[in-house]
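Working notes for the structure below.
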Amino acid sequence: MAAVTGGFLDALSGIQDEVAQVVGRGSGADGHVTVAFSESAGVHELVIGVQAMRLGSERLAEAVTVAVEEARQDLRQKVAALITESMGDVSRLEETIDRVSTKAEEALARSMRNATDLTDRL
Numbered sequence: 000m001a002a003v004t005g006g007f008l009d010a011l012s013g014i015q016d017e018v019a020q021v022v023g024r025g026s027g028a029d030g031h032v033t034v035a036f037s038e039s040a041g042v043h044e045l046v047i048g049v050q051a052m053r054l055g056s057e058r059l060a061e062a063v064t065v066a067v068e069e070a071r072q073d074l075r076q077k078v079a080a081l082i083t084e085s086m087g088d089v090s091r092l093e094e095t096i097d098r099v100s101t102k103a104e105e106a107l108a109r110s111m112r113n114a115t116d117l118t119d120r121l
């Protein structure tokens, strides 16, 4: 059980640095507004092209909002792909936990039987 849990935690710890480096990208106003977004820095790159500057404040704000949301979604997808690539399909985690739990219960039952047998011999 400890080996399975330890392996999972080691894998999780190992990808934290990689996840911190992932950057999502998005755009709005037909590509005239671009954004880079990361978990650690949020929006850390915003480029507004000359054509986007002519949109007016409301439409420009909308284009920036669209670009940021697109970049955040891109980041989520990249992180999910990285986790799946590094750790396998996490949807099977519940199955693994159940299997480990069953083995732990079986080991406990064996220990209890051994303790009972030892007590009976005394």
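Residues 0 to 121, numbered by numbering that gives the first Met the number 0, are exactly what the sequence shown covers, in order.
Even for Gly, the Cβ is constructed at its ideal location relative to N, Cα and C.
Would you tell me roughly how many angstroms separate the C-alpha atoms of VAL17 and GLN76, rounded to the nearest one? Residue identity check: residue 17 is Glu in the sequence provided, not Val. Taking the CA atoms as reference points, GLU17 sits about 14 Å from GLN76.
Residue from GLY30, GLY27, GLU61, VAL42 with nearest C-alpha to VAL155: Since the first and last residues shown for the chain are 0 and 121, residue 155 lies out of range.
- Exposed or buried, what is LEU74 when buried is set at 16 or more other beta-carbons lying within 10 Å of its beta-carbon? buried
### Message
Given a cut-off of 8 Å on the beta-carbon distance, is the pair ALA60 and SER26 in contact?
### Response
no
Item checked: Among ARG53, GLU57, ARG71, GLN50, nearest to GLU44 - alpha-carbon criterion -> Looking at ARG53, GLU57, ARG71, GLN50, the one whose alpha-carbon comes closest to that of GLU44 is ARG71.
Which residue's Cα is closest to the Cα of GLY55: ALA19, ALA28, THR83?
-> ALA28
**Item:** Cutoff 6 Å; reference ILE47; Cβ partners in own chain excluding five residues on either side
**Value:** VAL32
query = In three-state DSSP terms, what is VAL32?
reply = strand
Let me check one thing: in DSSP terms, what residues is SER37 bridge-paired to?
GLY41
Check your understanding: Taking the DSSP output, what are the residues bridged to ARG24?
Key -> ALA35
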